[in-house]
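*Asks:* The sequence shown begins at 492 in the working numbering and counts up one residue at a time.
Mind looking over this structure? Questions follow.
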Amino acid sequence: MRFLILALGLLWPGALLANDWDALERPGAFALMRHALAPGTGDPSGFVLDDCATQRTLDARGKAQARAIGAAFRARGMRFDAVLSSQWCRCLETAALMDLGEVTPAPAFNSFFRDFDQRGPRTVAALDLLEARGGRPIVVTHQVNISALTGRGTRSGEVLVVRRNGDGLEVLGSILIAP
Numbered sequence: 492m493r494f495l496i497l498a499l500g501l502l503w504p505g506a507l508l509a510n511d512w513d514a515l516e517r518p519g520a521f522a523l524m525r526h527a528l529a530p531g532t533g534d535p536s537g538f539v540l541d542d543c544a545t546q547r548t549l550d551a552r553g554k555a556q557a558r559a560i561g562a563a564f565r566a567r568g569m570r571f572d573a574v575l576s577s578q579w580c581r582c583l584e585t586a587a588l589m590d591l592g593e594v595t596p597a598p599a600f601n602s603f604f605r606d607f608d609q610r611g612p613r614t615v616a617a618l619d620l621l622e623a624r625g626g627r628p629i630v631v632t633h634q635v636n637i638s639a640l641t642g643r644g645t646r647s648g649e650v651l652v653v654r655r656n657g658d659g660l661e662v663l664g665s666i667l668i669a670p
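Next comes the structure, spelled out in structure tokens:
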């Protein structure tokens with residue numbers, strides 16, 4: 492039985508931590524979320540930050556997923572001190588549809604998928620921003636950013652419950668509301 496649990500954890504890292512709402516009650520815990528379902532990978536050539544028509548965006552399932560995630564947080568009475576988001580349209584839309592508070596664009600959480608030399612500087616900027624703001628934010632960002640900050644992959648719409656730990660973020664749990 493232990494082998495099966497270990498195998499599931501290795502094949503799908505979220506399996507062992509799925510829907511760990513209690514983790515948000517731990518001291519220093521906050522939410523780090525991958526944007527809701529936006530089919531595809533990366534962005535099309537000709538991507539322009541201020542033009543959603545040039546980006547990969549949420550589909551109908553992604554929009555429903557974002558609303559469901561927000562509803563799940565509200566149903567549990569979970570409140571956040573800030574809603575921070577990458578400037579990419581799929582992240583801003585996810586954050587807005589969750590309806591958990593005013594969304595603040597935060598360039599430190601912008602994707603570096605096509606500009607991987609920004610991984611280090613963007614990760615340091617994100618950690619510095621989190622340290623400066625304090626409190627319990629919810630952050631909507633991208634897979635590459637989450638992986639750089641935590642060493643873990645995530646699924647679309649997955650929320651990692653994390654806290655600051657030395658030079659990075661410690662994963663305390665995971666919440667996934669399927670689309």
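Here a beta-carbon is modelled for each residue, glycine too, at the ideal position from N, C-alpha and C.
#1: Measure the Cβ-Cβ separation of A514 and I668 and say whether it is below 8 Å.
#2: Is DSSP giving M524 helix, strand or coil here?
#3: Am I right that S577 and V539 are in contact with their C-beta atoms under 8 Å? What's the rounded C-beta distance?
#4: DSSP state of L575, grouped into three classes?
#5: Grab me the residues of S673's own chain with a C-beta within less than 7 Å of its C-beta, minus the 5 sequence neighbours each way, in chain order.
#6: Thinking C-alpha only, which one of G642, Q634, V653 and A555 is nearest G531?
#7: So, with DSSP's three-state summary, where would you put R613?
#8: Between which residues of its own chain and I666 is the CB-CB distance below 6 Å, once the five residues before and five after are set aside?
#9: Would you mind giving the Cβ-Cβ distance between F600 and Q609, rounded to the nearest angstrom? I have them listed as a contact below 8 Å.
#10: Could you check where the beta strand (DSSP E) with S665 kicks off and where it finishes?
#11: Just to confirm my understanding: we take A617, look at its own chain, exclude 5 residues before and 5 after, and list those with CB closer than 7 Å. What are they?
#12: Please classify D534: is it buried, with 16 or more other beta-carbons within 10 angstroms of its beta-carbon, or exposed?
*Replies:* In this structure, then:
#1: Numbered from 1 along the sequence shown, position 23 holds the residue referred to as residue 514. Numbered from 1 along the sequence shown, position 177 holds the residue referred to as residue 668. Contact flag unset, no.
#2: Counting from one through the sequence shown, the residue named residue 524 turns up at place 33. If DSSP states are grouped into helix, strand and coil, M524 belongs with the strands.
#3: Mapped onto the sequence shown, residue 577 falls at position 86. Mapped onto the sequence shown, residue 539 falls at position 48. About 15 Å; that fails the 8 Å criterion.
#4: Sequence index remark: in the sequence shown, residue 575 carries index 84 (1-based). In this structure, L575 counts as strand in the three-state DSSP scheme.
#5: Absent from the model: residue 673. The displayed extent of the chain is 492 to 670, so no value can be given.
#6: As a first step, residue 531 is located in the sequence shown; it is residue number 40 there, counting from the start. Among G642, Q634, V653 and A555, the Cα nearest to that of G531 is on Q634.
#7: Along the sequence shown, one-based indexing puts residue 613 at 122. Looking at R613 - three-state DSSP - the assignment turns out to be helix.
#8: Position 175 of the sequence shown, counting from 1, holds the residue named residue 666. So the list reads N510 and V650, once near-sequence residues are dropped.
#9: Locating residue 600 in the sequence shown gives position 109, where the first residue counts as 1. Locating residue 609 in the sequence shown gives position 118, where the first residue counts as 1. The Cβ separation is near 12 Å, so there is no contact.
#10: The residue labelled residue 665 in the question sits at position 174 within the sequence shown. Note, S665: beta strand (DSSP E), G659 to I666.
#11: Reading the sequence shown from its first residue, position 126 is the one you call residue 617. Non-local beta-carbon contacts of A617 in its own chain, meaning distances under 7 Å to residues more than five positions away in sequence, involve A599, F600, N636 and L640 in chain order.
#12: Start at 1 with the first residue of the sequence shown, and residue 534 comes out as number 43. With 16 or more Cβ atoms within 10 Å of its Cβ, D534 is classed as buried.
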